[in-house]
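According to the UniProt record's numbering, the sequence shown is numbered sequentially starting from 1.
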Amino acid sequence: MVRLASFAWISLQLCKNFHFSSTFSVQHHSYHGINTLLMSTEAGEDGGGIGVGIDLGTTNSAISFLDGNVPRMISIPNNGNTMSSVVAYFGENGEDPAPLVGNDAVDWESTQNRSAYRHVKRIMGTGADYVPKETLDVVPYSIAIPMIEEPKKTKKKKKKPSLQKLLENAHDNPVMLSLLSTTNAERVSPEKISAVILDRLLSEARNQINQKISRAVIGVPAYFNDAQRDATVRAANLAGIDKVKLLREPEAAALAYGVDKGSDNEELVLVFDLGGGTYDVSILLVERGLTEIVCTSGDSQLGGSNFDARIANFLKGLLVGCGRSETASDSILRTAEAIRIYLSNNRSVKLALPLTDRDWSSQNSAGDVILPYAIDDFESRSKNSTHFFYEMTRKEMESLCLAELKMLLRPIREVAIMAGALLPGDTRPSIVESALEIDGAFSGEEAFYKENDELDDSSEAALDDAVPELDLTAAKKQQQRGRKKARQTAKKERKFREETKKANEVQPDAKIRGDGISGRPITRLVLVGGATRMPAIGRLLTALTGCPPVKTVDPDEAVALGCAVHVGVLDGNEEMGTVLNPMQAALLRAVIEKEKREGGLDDMFGDEDEFEFGESEDFTF
1 MVRLASFAWI
11 SLQLCKNFHF
21 SSTFSVQHHS
31 YHGINTLLMS
41 TEAGEDGGGI
51 GVGIDLGTTN
61 SAISFLDGNV
71 PRMISIPNNG
81 NTMSSVVAYF
91 GENGEDPAPL
101 VGNDAVDWES
111 TQNRSAYRHV
121 KRIMGTGADY
131 VPKETLDVVP
141 YSIAIPMIEE
151 PKKTKKKKKK
161 PSLQKLLENA
171 HDNPVMLSLL
181 STTNAERVSP
191 EKISAVILDR
201 LLSEARNQIN
211 QKISRAVIGV
221 PAYFNDAQRD
231 ATVRAANLAG
241 IDKVKLLREP
251 EAAALAYGVD
261 KGSDNEELVL
271 VFDLGGGTYD
281 VSILLVERGL
291 TEIVCTSGDS
301 QLGGSNFDAR
311 IANFLKGLLV
321 GCGRSETASD
331 SILRTAEAIR
341 IYLSNNRSVK
351 LALPLTDRDW
361 SSQNSAGDVI
371 LPYAIDDFES
381 RSKNSTHFFY
391 EMTRKEMESL
401 CLAELKMLLR
411 PIREVAIMAG
421 ALLPGDTRPS
431 IVESALEIDG
441 AFSGEEAFYK
451 ENDELDDSSE
461 AALDDAVPEL
471 DLTAAKKQQQ
481 RGRKKARQTA
491 KKERKFREET
501 KKANEVQPDA
511 KIRGDGISGR
521 PITRLVLVGG
531 ATRMPAIGRL
541 LTALTGCPPV
551 KTVDPDEAVA
561 LGCAVHVGVL
571 DGNEEMGTVL
581 NPMQAALLRA
591 VIEKEKREGG
601 LDDMFGDEDE
611 FEFGESEDFT
621 F
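Okay, structure coming up:
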């Protein structure tokens, strides 16, 4: 028992970002046909108050709580279940500005012709020397970057900075922000802006729940580094929450969708999370009530805002001379977002685009340029003295964003390789173009359409017709690469079969994991993030994986709901589910294998036994 306790204690010590003061215990469960140990937590007796789950998103944020064992969203007045992650300061005459948050800030921004803070999540925990160009293209405010001497031009390709350099720069020279439309030299940190958003969410939660909030679980992208995670914790501390647990967004989504409550059979679940400014994809292994995150990949500088920037650049091309001023450019970018959202639910949109920066700056809202369908005499590409009229179709928008859609493929392929998952649709380089051409023929797309939305005359034959003619030289090179990959795969398969045979001879009762070679099918597809509402995303993922997306949870609310569920997990409610990250799963598997070799777990515990560290063994991380 002492040996077992030491293993479990090491496992707990290596699990990062536990900020709750809790008492841990080891409990007996069944997994993969053998007895295993799961670590659970019981809320500290002196905690007081309740815990909440928070999605601190790039474009939208949300908060939820547990009503019994059911997670429920908290509606924010003038916003809804989700609130825009926008903060505006309107102080005058040197007074301390009082912030406006959410749609209040968006409305103020439009009426006052001044800029607000947006997409702050993309630069939290980032050093001023390494702000990505993609971020500079989409944020509507300036970033205080120190003057750096222009490097001499060399033929050598610039190397990507190492993680150590990124962390050091984030610590020594953090990003500071300033508004574009003011002359005030004051700088504010991204954490302060995020703290304002959190404070608004928490304030509304206190008013509606009428209870003290003592702790919070906040969702963060799976690939966030230590500096970015620390910045999130600092923002929560500034908002008055000292007990914080950070939960990776794929874990939160798994808890929200209840992927562990489906079947006792082993399943592979693909969690696709495309938010406003971040993108990550994970594969989860689910069996008998236990969920393990097998692998994660993503892009911290890819999200819905990149699609918006592409549409905004197209609009600027239509309106020669527009978008030169910062406020007009910001207005065009917000309009592009409104167009993307509109085309996610409709096949076309009719636009009345202002012809001058002054008119763009005076727009009351981003949706002012969208004309109703009731206008029958509309003519595309017509113009009057003040506006340029243009009709954009969903297919045209998807073609504009083809590069961004292709960028989604690499992380999906990476996690599929690492998890040994099969992607039956990933057989040719034109998979994105093929998925776009289907446009309505796929049954998986119906989750993204309104019930009264009429389908066009596309057919299943569009998939074959969509493959473009390839250059013969390029096709030959592609064929050679494919043959080389096939030889390498065959070699790995032979090696894997030999190793499996040897392992079965040594441990005939052990279950050998077949990751990485044969390819197991993905059985469920989970979507997270508002940008996944674009029909092209659903068609592409359905074509890749062969299964339609699960649609039981609003993708905008999945992270917040999952974080609320995790509050219950931390409070010791076993019914809420269990999700292990790769480190926890590896350590747990090591404990199981060691104890099995040295006597077996069945000899140590009964089915209902519980082993505790003792009343004095409290750990705070």
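C-beta: ideal position from N, C-alpha, C; glycine also.
All values reported here derive from a predicted model rather than from experimental measurement.
Residue burial classification, residue i (beta-carbon count within 10 angstroms, cutoff 16)
i	result
residue 192	buried
residue 243	buried
residue 133	exposed
residue 555	buried
residue 46	Low per-residue confidence applies at residue 46: pLDDT is 43, beneath 50, and the placement is therefore not dependable enough to give any value.
residue 320	exposed
residue 235	buried
residue 542	buried
residue 84	buried
residue 410	exposed
residue 98	exposed
residue 301	buried
residue 115	buried
residue 533	buried
residue 549	buried
residue 216	buried
residue 571	buried
residue 118	buried
residue 49	exposed
residue 398	buried
residue 385	exposed
residue 498	exposed
Backbone secondary structure at residue i - three-state DSSP
i	result
residue 314	helix
residue 322	coil
residue 240	coil
residue 172	helix
residue 122	helix
residue 214	strand
residue 160	coil
residue 60	strand
residue 464	Because the pLDDT of residue 464 is 40, which lies under 50, any placement of that residue in the model is unreliable, and the question is left without a value.
residue 401	coil
residue 394	helix
residue 337	helix
residue 53	strand
residue 74	coil
residue 498	helix
residue 33	For residue 33, the pLDDT reaches just 30, beneath the cut-off of 50, and the residue's location in the model is therefore unreliable, leaving the point undetermined.
residue 566	helix
residue 331	helix
residue 273	strand
Proximity below 7 Å, CB of residue i to CB of residue j
i	j	result
residue 279	residue 258	no
residue 202	residue 229	no
residue 432	residue 400	no
residue 194	residue 131	no
residue 69	residue 557	no
residue 268	residue 520	yes
residue 53	residue 567	yes
residue 252	residue 563	yes
residue 256	residue 525	no
residue 336	residue 367	no
residue 74	residue 208	yes
residue 167	residue 227	yes
residue 544	residue 425	yes
residue 61	residue 55	yes
residue 423	residue 536	no
residue 188	residue 87	no
Contact belief for residue i with residue j at Cβ below 8 Å, rounded distance in angstroms
i	j	result
residue 240	residue 57	Contact flag wrong, Cβ pair sits at about 20 Å.
residue 173	residue 127	5 Å
residue 309	residue 333	7 Å
residue 248	residue 220	6 Å
residue 293	residue 250	6 Å
residue 388	residue 205	Contact doesn't hold; Cβ gap of about 45 Å is too wide.
residue 350	residue 391	5 Å
heavy atom of the ligand MG below 6 Å from residue i C-beta
i	result
residue 271	Of the ligands one can find in the structure shown there are none, so the ligand MG has no counterpart to examine.
Checklist entry - Quick one: complete alpha helix (DSSP H) runs, 4+ long, within the stretch 521-560? => result 535-545
Next on the checklist: If we require 4 or more residues per run, which alpha helix (DSSP H) segments fall completely within the stretch 189-213?
Outcome noted: 190-209
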